[in-house]
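In the order they appear, the protein sequences are chains B and Y. All residue numbers for the first sequence refer to the working numbering, where the first residue is 1 and numbers rise by one. All residue numbers for the second sequence refer to the working numbering, where the first residue is 1001 and numbers rise by one. Comments concern the structure below.
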Amino acid sequence: MRVLLVEDNELIAHGIKAGLRAHQFTVDSVASAAMAEAALATLNCDVLILDLGLPDEDGMKLLPRLRAKGIVLPILVLTARDSVKDKVMALQRGADDYLLKPFDLDELVARLHALQRRVAGRCVDLIEDGPLKLNPATGNVSLNEQPIALSRREMALLAALMQAKDRILSAEQLKDRLYDFSEEIESNALNVHIYHLRRKLGGEIIETIRGMGYRYGGVKQ
Amino acid sequence: MSLRLRLLLLIGVSLSLLWGGVTAWTLYNLDRQIRNTLDQRLSMSAQMVAGLISQNAAAWDAAAKGNKRDTLLLPAGKGLACQISSLRGEVLARTAHTHPDATRSEALGFTDLTINKEQWRSYTTEAFGLRVTTADRLSERNQMLHDVLFATTLPFMVALVGSLLLLWFGVKQGLLPLEKIRQALAGQAPLTLSPLSTQHIPKDLLPLVSSLNQLLSRIEQTLERERQLTSDAAHELRTPLTAIKIHLQVARITEGEEAKTALDYAEESVARLQHTLTQLLTLAQIEGDFCWDDGQSTSANEILKLAIRDAAPQQPERVQLGAIATAQLALPQALAVTALRNLLDNALNYSPANSVVRVETQRLESAMCFSIIDQGPGLQPAELALVTQRFWRRSSTKGSGLGLSIVAAIAKRFNGKLELSQHENGGIKATLHLPIQR
């Protein structure tokens, strides 16, 4: 899952990035409202984590503007403002969740997964296709009840394709799910991960649509 | 004692004493007058009887000389007696149904007698060879006296009770506006103070109510500021706490270099939290009644040296000192050093690395003026007005936002002055006035 973090405190941003990466997330962070808007315009991400006290603009003003622009991705507000008034206002202005600082990393991770599965129209964390089961929260993948060991990126790639179902995802979209801006991507990195997935789950798991991208192909029954 | 009780007691006791005194005086006079009048009537009736007899003296003489005459019995009113006797003591006539002793008098004039436990007052006169005695029963007399006195006292008493009732009612009505103000004050919610209504308030209470309203609005502002401060302080403490918590959690779930980095960040966050807490504590002590007096002599020269050593321990050459005026400062050394160090810290941190910060001093009549000029980017006029506010800072990650608040608080406590202005070279010129000993 790719997360965009908007947080101006460097120390907290570092901590959240390290914590979420340890939980298999791909995280980018920006430190101002203007940078958040710019990033959202170019980036494919699944969830936005928004701090309210930003240096250039209050997050409370940014929220309705993002929604007015038609940005529908789930937004989790992460702030030290603990009054009921602030919580209500943020939720009314387009936030989907509100978490108070200081928070527990596990809780943040669980809430992000909950937001994600709600967007995907599921009510449990498990993504299922016949004998293939994937749990994005725990990182467990099993085929015919047999656990399959996947790396973090293979896992993210499989989850993105399974969630997209029959839609075709471009190579760029898939790379966005796997790497944040700070990471260097080798040109054939995506192909390597696809190769490994096919080796572990069967050749038909990912279809290559020439000139367009890739699609989830299912497993042999 | 309540105002109402005071008024009631003061006016009530005065009224009662006045009315009571007047009543007592009237009663005393009336009593004396009535007794005199009754005595006069007694003597007049005796003389009248003697006068009547003198009109027909011959008949009485004959009667007086006749030896075998029975005593003539006269009809008489209740409690009134009369006796006519010869000078030899022979009773010629007397009122019936009265005890003969009542009118047996030896001396002329008024006499008081007690017969069969009844008191009589008699008057005896002699005329035309006859002795006439008239007597009043005192119980009759006293009964009449009581009736008169009661009839006189009653209106006074009614008037007194009426006045007291009117007084009670009047005081209650008169103090009603005060009672309304009291109720309005007692009904104030502890967290929101609203001004009192000035409608239906008498003219002489308006100054009081408007003073109260001014006080209420000042308290409300102070409360609001404190609330804001508490909320800001909570935010300022939560931010480093959040960083500490997240990095510790990351350190727990990662290994090797990553875990070490997380612990380093956690430690840095602890240092920031500690800095903020120390600054908050210093500010609370300056603004509170903490005693700072360490008894040390504080020369401006020494304070500057200490402040520069604290602010720029690595690069003392970045601080360029102008001529130092000599003066002894009239405030504790620790605070003077803190104030100057905070100003130097800001100047050094918010200007380009290795740029020079200039410090100038000037001795004024009652204060020492320290000017600190940096070569940083300066501040907008709107920002200049905000810099001494607690927790204000330009970027949210650098500093605690309390440094200049502390300088301003020190200046305020010791009647000094802190001014920040835009210097012509682009940087900030901070001017701090501190009082000097005279």
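Virtual Cβ for every residue (Gly too), placed ideally from N, Cα, C. Please read these numbers as outputs of a predicted model, since none were measured by experiment.
Beta bridge counterpart(s) of residue i as assigned by DSSP
i: Met1368 (chain Y); result: Y:Arg1363, Y:Leu1434
i: Gly53 (chain B); result: B:Asp58
i: Trp1120 (chain Y); result: Y:Leu1113, Y:Arg1137
i: Pro147 (chain B); result: B:Ser142
i: Leu5 (chain B); result: B:Ser29, B:Ile49
i: Ser1351 (chain Y); result: Its beta-bridge partners do not exist; DSSP assigns none.
i: Lys1305 (chain Y); result: Lys1305 (chain Y) pairs with nothing; no bridge assigned.
i: Ala1081 (chain Y); result: Y:Ala1135
i: Arg215 (chain B); result: B:Glu207
i: Lys1417 (chain Y); result: Y:His1433
i: Ser1299 (chain Y); result: Y:Gln1328
i: Leu1321 (chain Y); result: Y:Val1359
Proximity test, Cβ basis, 7 Å: residue i and chain Y
i: Lys101 (chain B); result: yes
i: His113 (chain B); result: no
i: His266 (chain B); result: Beyond the ends of chain B as shown, which are 1 and 221, falls residue 266 (chain B); an answer cannot be given.
i: Ala156 (chain B); result: no
i: Ala22 (chain B); result: yes
i: Asn135 (chain B); result: no
i: Leu224 (chain B); result: The structure shown does not extend to residue 224 (chain B), since chain B is modelled only from 1 through 221, so no value can be given for it.
i: Gly139 (chain B); result: no
i: Gly59 (chain B); result: no
i: Ala95 (chain B); result: no
i: Ala18 (chain B); result: yes
i: Leu105 (chain B); result: yes
Short CB-CB distance (under 7 Å) between residue i and chain B
i: Val1250 (chain Y); result: yes
i: Leu1273 (chain Y); result: no
i: Thr1276 (chain Y); result: no
i: Ile1303 (chain Y); result: no
i: Ile1428 (chain Y); result: no
i: Thr1230 (chain Y); result: no
i: Thr1254 (chain Y); result: yes
i: Pro1377 (chain Y); result: no
**Item:** Contact between the segment 1006-1020 of chain Y and the segment 1119-1130 of chain Y (3+ Cβ pairs under 8 Å)
**Value:** no
**Message:** I want to know whether the segment 1423-1435 of chain Y touches the segment 1401-1415 of chain Y - three or more CB-CB distances under 8 Å.
**Reply:** yes
**Item:** Given 8 Å, three or more beta-carbon pairs between the segment 1018-1035 of chain Y and the segment 149-157 of chain B
**Value:** no
**Request:** For the segment 1122-1201 of chain Y, list the beta strand (DSSP E) runs that are entirely contained and at least 3 residues long, ordered along the chain.
**Result:** 1130-1137
**Prompt:** Would the segment 119-136 of chain B and the segment 162-181 of chain B be scored as touching if the rule is three or more Cβ pairs under 8 Å?
**Reply:** yes
**Prompt:** Should the segment 197-215 of chain B be called in touch with the segment 38-46 of chain B, which here means at least 3 C-beta pairs below 8 Å?
**Reply:** no
**Prompt:** At a Cβ cut of 9 Å, what residues of the segment 1256-1269 of chain Y count as close to chain B, listed as they run along the chain?
**Reply:** Glu1258, Thr1261, Ala1262, Tyr1265, Ala1266, Glu1268, Ser1269
**Minimum length 3: unbroken beta strand (DSSP E) runs contained in the segment 79-154 of chain B** = 97-100, 127-129, 132-135, 140-143, 146-148
**Prompt:** Do the segment 1236-1251 of chain Y and the segment 1182-1202 of chain Y touch if we need at least three Cβ pairs shorter than 8 Å?
**Reply:** no
**Request:** Kindly confirm or deny that the segment 1331-1339 of chain Y and the segment 1296-1306 of chain Y touch, where touching means at least three C-beta pairs closer than 8 Å.
**Result:** yes
**Message:** For the segment 1235-1247 of chain Y, list every residue whose C-beta sits within 7 Å of some C-beta in chain B, in sequence order.
**Reply:** His1235, Arg1238, Thr1239, Leu1241, Thr1242, Ala1243, Lys1245, Ile1246, His1247
**Item:** Contiguous alpha helix (DSSP H) assignments of at least 4 residues, all confined to the segment 148-207 of chain B
**Value:** 152-164, 171-178, 189-201
**Asked** Between the segment 10-26 of chain B and the segment 106-114 of chain B, do at least 3 Cβ pairs fall closer than 8 Å?
**Response** yes
**Prompt:** Taking three-plus beta-carbon pairs below 8 Å as touching, is the segment 1105-1115 of chain Y in contact with the segment 1155-1170 of chain Y?
**Reply:** no
**Request:** Pull out every residue of the segment 67-81 of chain B whose Cβ sits closer than 8 Å to any Cβ of chain Y, in chain order.
**Result:** Ala80, Arg81
**Request:** Would you list, in chain order, the members of the segment 32-62 of chain B that have their beta-carbon closer than 9 Å to a beta-carbon of chain Y?
**Result:** Gly53, Leu54, Pro55
**Request:** Could you tell me whether the segment 1347-1358 of chain Y touches the segment 1326-1334 of chain Y, where touching means 3 or more Cβ pairs closer than 8 Å?
**Result:** no
**Asked** Does the segment 134-150 of chain B touch the segment 1262-1282 of chain Y, meaning 3 or more C-beta pairs lie closer than 8 Å?
**Response** no
**Message:** Does the segment 78-85 of chain B come into contact with the segment 29-45 of chain B, if we say contact requires no fewer than three beta-carbon pairs (one atom in each stretch) closer than 8 Å?
**Reply:** no
**Request:** Report yes or no: do the segment 1170-1177 of chain Y and the segment 1044-1057 of chain Y share at least 3 C-beta pairs separated by less than 8 Å?
**Result:** no
**Request:** Determine contact between the segment 90-100 of chain B and the segment 48-67 of chain B, defined as no fewer than three beta-carbon pairs at a distance below 8 Å.
**Result:** yes
**Prompt:** Three or more C-beta pairs closer than 8 Å, one from the segment 1376-1393 of chain Y and one from the segment 1312-1322 of chain Y: is that the case here?
**Reply:** no
**Item:** Contact the segment 59-68 of chain B vs the segment 1211-1218 of chain Y: 3+ CB pairs below 8 Å
**Value:** no
**Prompt:** Should the segment 110-119 of chain B be called in touch with the segment 1254-1274 of chain Y, which here means at least 3 C-beta pairs below 8 Å?
**Reply:** no
**Message:** Under 8 Å, with one C-beta from each stretch per pair, do the segment 1119-1127 of chain Y and the segment 200-220 of chain B reach the 3-pair mark?
**Reply:** no
**Request:** For the segment 1371-1388 of chain Y and the segment 1349-1358 of chain Y, state whether three or more C-beta atom pairs, one from each stretch, are separated by less than 8 Å.
**Result:** yes
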